[in-house]
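These notes concern the structure reproduced below.
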Amino acid sequence: MSRPQRAPRWAPPPPPGMAKNGSDVDIDESLYSRQLYVLGHEAMKRLQNASVLVSGLRGLGVEIAKNIILGGVKSVTLHDTEPAQWADLASQFYLREEDLGKNRAEVSQPRLAELNSYVPVSVHTGALTEDFLSPFQVVVLTNSPLEEQLRVGGICHSKGIKMVVADTRGLFGQLFCDFGDDMVVTDTNGEQPLSAMISMITKGCPGEVTCLDEARHGFESGDFVSFTEVDGMKELNHCPPMEIKVLGEMLGTPRERDRGLGGAVSWGAGQGKPLSVALAEPDFVVTDFGKFEHPAQLHLAFQALHDFQRQHQRLPRPRGCLCYRTARRAPVSCSCATCPPPRVLSPAPGVLRDLPPHLCPVSAALGRLCPCPDAPPLPQACSGKFMPITQWLYFDALECLPEDSKEALTEEQCRPRNSRYDGQIAVFGADLQAKLGQQKYFLVGAGAIGCELLKNFALLGLACGDGGEVTVTDMDTIEKSNLNRQFLFRPWDVTKMKSDTAAAAVRQMNPNIHITSHQDRVGPDTERVYDDDFFEGLDGVANALDNVDARMYMDRRCVYYRKPLLESGTLGTKGNVQVVIPFLTESYSSSQDPPEKSIPICTLKNFPNAIEHTLQWARDEFEGLFKQPAESVNQYISDPKFMERTLKLPGTQPLEVLEAVNKSLVSDRPRSWADCVGWACRHWHCQYSNNIRQLLHNFPPHQKTNSGTLFWSGPKRCPHPLTFDDSNPLHMDYIVAAANLFAQTYGITGTRDVGAVAELLHQVQVPEFTPKSGVRIHISDQELQNANASVDDSRLEELKSSLPNPEDLQSFRMYPIDFEKDDDTNFHMDFIVAASNLRAENYDIPPADRHKSKLIAGKIIPAIATTTAAVVGLVCLELYKVVQGHKRLESYKNGFLNLALPFFGFSEPIACPRNKYYDIEWTLWDRFEVQGVQPSGEEMTLRQFLAYFKSEHRLEITMLSQGVSMLYSFFMPPTKLRERHDQPMTEIVTKVSKKKIGRHVKALVFELCCNDDSECDIEVPYVRYTIR
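So for the sequence shown, numbering that gives the first Met the number 0 puts the first residue at 0; every next one is plus one.
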């Protein structure tokens, strides 16, 4: 038999600056990539020097420890002196029922240590002495007595150790930060610095700077700016950052004596008061401006709770009136300016009854605000990143309790049952716990938000009872970069399906959960899987998606099936939560963000002026060289109608497609690896030398426009051609990557051996280039559109005749390459970085390193684990309300947060807009219900359908459509109208759409345009036409 492993006992944390193995601090970019886009390398390195102590391993403590370890600090020590109890299982996700009676820290340590092999995790179960605390940079106390907080706080403040106190009690949370008086913040908002192109600078004092008017510059008075690439006043390029005053489109710079260094804000003396002082002189961060007086009340309530616990050596019983009154009679003195008079207050009625237990959503929300390596306040404590919390933060979610006072919970309903849900039952009662167990929910996505939702579902007991079920779907596999945020996955899970792995992980947390995992993408293609029967059986849907299209699709499905939707999203330190309730709120799609700015095509093709332009150009190159031609060739070979379809494409697309097929099969088709290297070399010369020389031939460097200004001015950078040099690493990076990718599309084996590639280059003959006259280069997208309207028919015929017969190519196929940014061995990012930076060199644009290039070209969404945890905590607080069936709009909360500022905002959801026809009000949740099959068993015809609306609703239908198919219109030709009048509705749909109606479809959706009795157009709901 093998001996059971013991949790590592505490040893002094390693000295700052040394990694776990004793080497200097390194950053595993493949693991921390998404976090690095939020924090940056310098802040991340400082975080890796931080040793952190987490005291108290209930739900809040383990949430904080999880986030710290995922973020990658130097070391974490877990401290707890108490055994696990039943009530802990409602929020502590690394405790099992078999762990009851064992020390919480010792049981949690091996499970927490699995999260990140770079972070040593040890355990301490003794006293927190001064000597023990001294090596730590940050100390976190959770759920500790006030006396212990004051004692440890005094030690930490005197030694310059950052301290955070955190506590959750039921639907309430408390957070206190003491970072001392010498805190320096180097990034106050977490945003990328703004940049703008300059058109003019005056020589006055102060000078005035005018920006190009293509877009708003976004600067504000008081900002500090630096100048780069200024030609006329080169001395500005070496000046330190200087303060500006905004005059409109111009930026006024101050005089020389007013210049000052930007980029750092001193936190200053008096901001970091020790706990003993801050108790009597609190500064509050307001999390909900609808509850402005709650922080002061909760400040006193938590102190009264500590007093009760000290006097009785226990916490009040849930809903226990005697204990509640006893605690209320212990007023606490307060001298803060924000507390209303009198200065001696008793805690507000109704607060203490709900304080004792711990809930997983509150722990998740507050744990996100506690010292986590990628979120406030630890970045402030360890890295100077983001604005810290000053100094007290209180949170409550009282609106989660029953709406009706008649439903007030009793002590009997909330008594302990020796159940894993005792902590939750203490707040909401046993009836809600039973209802949670019966829920059927659809979770779409098992990524970062999906993992956190599943954890909370398991702890809440959602779908853990008879009849309950969670269905989770995600078609993605696990990658290494996921492990930093998606905490249900481990290194040995890489390449496995996310949904299967996440489902297995939460079964370990709560074996009672009924969960089914799928690997299907949600969309029209999977409506046979997620059909009417599936959606009609659900109690609600939770989205954990990363794109707007899928969100809007699920939103439409929830509106159609009238199901609640819990929607959330994150972007770095920002997060939002939206709750959609049938017949009460608007839907997700009711309001939309403005579209992303697109880069003009001519800017990409000929006139780039920023690294974003060259990176997008490189991505287009990748698709146009290694994916689209291969797909077109395979279609040409296998699809007899390929040529017919291609020639019907608009504009110049037929010419472009056939040119690509011709190159791939005739002029550029390689027979060996040497041919692939030759192709890469010739393509390098074409893109970075020949095309630039042709551009300068058309538009010489000193050419002027009709207005007399230089053509190459403003946003147009004058390029210069490059000369190939096999001793230049960037040039060879391009050749090696391009040749290997080109070879892969033909199934040819390449090599990474740069020396071998250089030898092959010596055999490549590159034709001399001579610029041509008459070549048209478009300088605006409008010119390009006009040119695309005409097609060179003779060239089309020439291409058609030159292509080999598809029948002679039946044994040949190409291998399209899908861009994958996170595999550093596949040459994809090698090509993107080299292609972009070479083009940047053409145009004298500062290059971007691989890290930045991956962010922009891969369209990566910066992310950190703990923003996700906070957002999901808020989502699950809304879930409590949805399951209880709250009816009042004001009971629900949409949440918005930016923890870099820090900012917290909550608002009532927007009510669903109301429309009207005649005297009938309707919303997006309403519709006409029409039974297509009549009592006789025959289906309704178009004539009967039109007559039904005329007689039953006084509506004259002028147009009727199903999806994109027009079924009826008042201007339809009489012969077609007569033909359709007596046809069943489903027959018309099948004929017009040219698609059969699946057996899984129970009803069709029709859209109507109608006139009322006065022949005026009116807006009406859609029609649900039931056919089965």
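Each residue gets a CB set at the ideal place from its N, CA and C atoms; glycine is no exception.
Just so we're clear, the structure is a prediction, and the values are computed from it rather than from any experiment.
In this chain, the alpha helix (DSSP H) harbouring W678 covers W672 to H684. Excluding its 5 nearest sequence neighbours in each direction, G857 has C-beta neighbours in its own chain below 6 Å: K820, listed in chain order.
For L709, the CB contacts under 8 Å within the same chain, skipping 5 residues up- and downstream, are H701, Q702 and K703 in chain order. Around the beta carbon of S121, 16 or more other beta carbons lie within 10 angstroms, which makes this residue buried. M813 sits in coil when the DSSP states are folded into three classes, being neither helix nor strand. Straight through space, the alpha carbons of D925 and F582 are spaced by roughly 8 Å. Between D177 and T470, the alpha-carbon positions lie close to 44 Å from each other. Uninterrupted beta strand (DSSP E) stretches at least 3 residues long and entirely within the region 964-1013 occur at 964-968 and 1002-1010, given in chain order.
Contact check for C463 and L487: beta-carbon distance about 17 Å, past the 8 Å limit, so the pair fails to qualify.
Straight through space, the alpha carbons of L140 and L461 are spaced by roughly 30 Å. When rounded, the separation of the alpha-carbon atoms in S588 and C557 is 11 Å. For G574, the enclosing beta strand (DSSP E) has its first and last residue at K573 to V579.
H719 sits in coil when the DSSP states are folded into three classes, being neither helix nor strand. Excluding five sequence positions before and after G568, the CB atoms of its chain that fall closer than 6 Å to its own CB belong to N575, given in chain order. Taking every protein chain shown into account, the CB of E292 has fewer than 16 other CB atoms within 10 angstroms, so this residue is exposed. Here DSSP, grouped into helix, strand and coil, assigns M232 to coil. In this chain, the beta strand (DSSP E) harbouring W921 covers I919 to W921.
Here the C-alpha atom of R1023 lies approximately 59 Å from the C-alpha atom of V138.
Distance check between L878 and each of L565, F698 and K454 places L565 closest, using alpha-carbon atoms only. Rounded to whole angstroms, the separation of the alpha carbons of I200 and V245 is 14 Å. Comparing alpha carbon positions, the residue from N142, T389, S29 and S590 closest to A910 is S590. Leaving aside the five residues that flank M508 on each side, the residues in its chain whose CB is nearer than 6 Å to its CB run, in chain order, F92 and A457. With a threshold of 16 other beta carbon atoms within 10 Å, H311 falls short and is exposed. Shown here for Q518: same chain residues with a beta carbon closer than 8 Å to its own, the five before and five after excluded, namely T472, D473, M474, M496, S498 and D499 in chain order.
With respect to the C-alpha of I1026, the residue from K994, D1011 and Q930 having the closest C-alpha is Q930. In this chain, the beta strand (DSSP E) harbouring F903 covers F902 to S906. Boundaries of the alpha helix (DSSP H) around K454: A447 to L459.
Excluding five sequence positions before and after I68, the CB atoms of its chain that fall closer than 7 Å to its own CB belong to V75, L111, L114, N115, V118 and V120, given in chain order. Between the C-alpha atoms of F283 and P134 there is a straight-line separation of about 30 Å. Taking C-beta separations shorter than 7 Å and ignoring five residues to either side along the sequence, G623 has no partners in its chain.
Inside the region 850-901, DSSP marks whole beta strand (DSSP E) runs of 3 or more residues at positions 893-897, from first to last along the chain. Scanning the region 635-675 from its first residue to its last, the whole alpha helix (DSSP H) runs of 4-plus residues come out as 641-646 and 652-661. One thing to note: L873 has its Cβ within 9 Å of the Cβ of K892. In the three-state reduction of the DSSP assignment, Q390 falls in the coil class, being assigned neither a helical nor a strand state.
Rounded to the nearest whole angstrom, the C-alpha separation of P714 and Y842 is 11 Å. The shortest CA-to-CA distance from A501 to any of D554, D732 and A445 is the one to A445.
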